[in-house]
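Chains as they are written, first to last, in this note's numbering: chain A, 1 to 157; chain B, 1 to 399.
Note that beta-carbon positions come from the ideal geometry of N, C-alpha and C, so glycine has one too.
Because the structure is a prediction, the values reported are computed rather than measured.
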Amino acid sequence: MLPENLKEHSAALAVDAFDADAIKGGKFEYDELTLEIAPAKIASVCGFLKYDQKFIRLSTVSAVDRYPAEPRFEVVYHLHSVERRERLRLKCRIAGTEPAIDSVTGVWRGANWYEREVFDLFGIQFRGHPDLRRILMPDDWDGYPLRKDYPITGPRV
Amino acid sequence: MTDVEEPQQQGGGRRMVLNMGPQHPSTHGVLRLLMELDGENIVKCTPDIGFLHTGIEKEFEVKNYQQAVTLTDRVDYLAPLSNNLAYCLAVEKLLQLEIPPQAQWMRVMLTELTRLNSHLVWLGTHALDIGAMTVFLYCFREREEILKIFEMFSGQRMMTSYFRIGGLALEPPRGWYARIKTFLDVFPSRIDEYENLLTNNRIWIGRTKGVGFISLEDMLDLAVTGPMIRAAGLPMDARKDSPYSSYEKFDFEVPTRTENDVYARYLVRIEEMRQSVRIVRQAMDGMPGGDWKADAPHVVLPDREKMKTQMEALIYHFKIVTEGFRVPEGEVYTVVESPRGELGYYIVGDGTANPYRVHMRTPSFGNLQAVPRMVEGTLIADVIAAIGSMDFVLGDTDR
């Protein structure tokens, strides 16, 4: 369901018309539009936004750990339309046990390294990713450093 | 780390794997490229990064907002002020602070000097990699002048941390105008000097023209930004597309080329240097007066004199230094145009004095991703010229 206050934003309306079940919520704060997308629909919504709505660039993919709340992780996509001079943030909430989400590498090849980074630092699996390996940390590293239960100093808890 | 795999033997040709770099942590470009070669041709290229990963994004979470400014310098050590600016703009957006005009113009002027600084290092090292030693010495001569200007402003040559949340760290020093003017009076002729050495140099043209092509569609898809994309004809520049810090008040052009090779990227950066000089001149001559930090006593440290004479100022000082200031809940993503491309800071605040999460979208990370697409199918001798034209900083990539 698209929240009432987002009806004036054309990108939000377009996604709503494309697949009304995909939108779980959203907000417009600090002049930035955020849409919350159902995790199962992320790849199709991204494809629609890229090819129909001209969001041809994926600026970055990142994640936020809401530990100990559930659903624990937020995967955040920042999209950019050069032609419309617009930016859009998509957000998917996924559970903390065996976190996984569909990869968007099929839409933008550039998602490859960004998803690897999220996998490396948060331990979120991306289904359908062509080359899901650690990218910044050593391959034999144990644990996911950007998780909130990973200590910044001292022994692991 | 990627292991070296035995190349698959196909047909009659013999393939070999060549490992390029890194030699030493302090060499420029701590990057490893695994290249599978068929004779002189590159069949497959796999970049391996992470050698300079220092966990800066994690460290943000245990620093308060003001302390974290010093971390942003260390991300991209050739463009510290661009990183300062992107971070400060993001936090200021969360706080909804109004920045006085003088601070905004100072920020524009100094980030443009940063662009000159970064492009000079790029030009010097890029030319050195290709074999033109002289250019390096010339570029570093002018870079030294810029570093001295930074030192004059902030007391530091490289890790300046000069932009703070709410304005500047210190009052602009006495005599800054004359100092920068002396530099700007000679600098355009120095750009001509570099051009004399390179632009019509037959060796330079031979090594760079037609080398390192990658289509515009590929670049947009692979998250490449900055001079790379402008050399392919797309005038994408955050300073024009979504002006920040009063850039809309400046008159400048976004240089583009259409040849989309290493030579075009060189020409774009040279022209960007000339445009930066234009912006710095306008900023100097039109510098507004007034305050250089925001009127927000709970965020900005009070003047030293007030702190010693006014009780209230002393309390604010104590609170900011000991516990920082609270930033409201919310999330912002601000983008600035760093010398390398789109630099974005995604900051999530949770209402406390520490950022809940900071993600840096650094231009070098996105650009490096396109290396395989750019060099696969080309000759091994062109790799250095091709990746040099990307102008990446590995600290910026690995964070």
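Are any of the Cβ atoms in chain A nearer than 8 Å to that of residue i?
i      : result
B/D396 : no
B/D221 : yes
B/S364 : no
B/G55  : yes
B/R357 : yes
B/I49  : yes
B/S215 : no
B/K93  : yes
B/R278 : no
B/R14  : no
B/Y333 : yes
B/E337 : no
B/G344 : yes
B/G330 : yes
So, is residue i buried or exposed, given that buried needs 16 or more other C-beta atoms within 10 angstroms?
i      : result
B/N367 : buried
B/T321 : Per the sequence presented here, residue 321 of chain B reads as Val, with Thr not at that position. With fewer than 16 other Cβ atoms within 10 Å, it is exposed.
A/W141 : exposed
A/F55  : buried
B/A283 : buried
B/L170 : exposed
B/T182 : exposed
A/G123 : buried
A/A20  : exposed
B/K93  : buried
B/S215 : exposed
Look at the Cβ atom of residue i, then the Cβ atom of residue j, and state whether they are nearer than 8 Å.
i      : j      : result
B/K306 : B/A296 : no
B/G167 : B/A103 : yes
B/R190 : B/M152 : no
A/I135 : A/W108 : no
B/N41  : B/L379 : yes
B/H53  : B/R269 : no
A/A12  : A/L49  : no
B/N83  : B/T72  : yes
B/R278 : B/F252 : yes
B/L394 : B/F51  : yes
A/T105 : A/H78  : no
B/E145 : B/M360 : no
B/H126 : B/G286 : no
A/D102 : A/A38  : no
B/P80  : B/M158 : yes
B/A238 : A/R57  : no
B/R326 : B/A353 : yes
Considering Cα atoms alone, identify which of the options is closest to residue i.
i      : options                           : result
A/L88  : A/A63, A/V104 and A/Q53           : A/Q53
A/E4   : A/K27, A/A22, A/V15 and A/D21     : A/K27
B/C45  : B/P227, B/V332, B/L116 and B/E376 : B/E376
B/E142 : B/I42, B/M159 and B/L123          : B/L123
B/Q66  : B/S161, B/L18, B/G29 and B/F140   : B/S161
B/D350 : A/I37, A/E32 and A/R66            : A/R66
A/A63  : B/A79, B/Y346 and B/T225          : B/Y346
B/D129 : B/K58, B/L184 and B/W204          : B/W204
B/F187 : B/Y138, B/R207, B/G344 and B/L198 : B/Y138
B/S242 : A/K91, A/R84 and A/Y150           : A/R84
Give a yes or no on whether the minimum CB-CB distance between residue i and chain B is below 8 Å.
i      : result
A/L88  : no
A/R159 : Only positions 1 to 157 of chain A appear in the structure, and residue 159 of chain A is not among them; the question remains open.
A/S10  : no
A/T105 : no
A/V45  : no
A/E29  : yes
A/R72  : no
A/E98  : no
A/P68  : no
A/L158 : The structure shown does not extend to residue 158 of chain A, since chain A spans only 1 to 157, so no value can be given for it.
Using a Cβ cut-off of 9 Å, pull out every chain B residue sitting near residue i, in sequence order please.
i      : result
A/I152 : G55, K58, E59, E61 and V62
A/G82  : It should be noted that the sequence gives Val, not Gly, for residue 82 of chain A. Neighbours of A/V82 on chain B, chain order: L220, L234, M236 and D241.
A/S85  : The displayed chain sequence assigns Arg, not Ser, to residue 85 of chain A. What A/R85 touches in chain B: D241 and S242.
Just the chain A side, please: which residues come within less than 9 Å of residue i by C-beta, in chain order?
i      : result
B/A369 : According to the sequence as given, residue 369 of chain B is Gln; it is not Ala. Result: R109, G110, N112, W113 and Y114.
For residue i, which residues in chain A fall below 7 Å Cβ to Cβ?
i      : result
B/V348 : V64
In chain A, which residues lie with their C-beta within 8 Å of the C-beta of residue i?
i      : result
B/D237 : In chain order: nothing, as chain A lies at least about 11 Å away.
Identify the contact partners of residue i in chain B, using a Cβ-Cβ distance below 8 Å as the criterion.
i      : result
A/M137 : G50 and H53
A/R78  : Per the sequence shown, residue 78 of chain A should be read as His rather than Arg. Residues of chain B passing the Cβ test: Y333, G344, Y346 and R361.
Along chain B, in chain order, which residues have C-beta atoms closer than 7 Å to that of residue i?
i     : result
A/E32 : V332 and Y333
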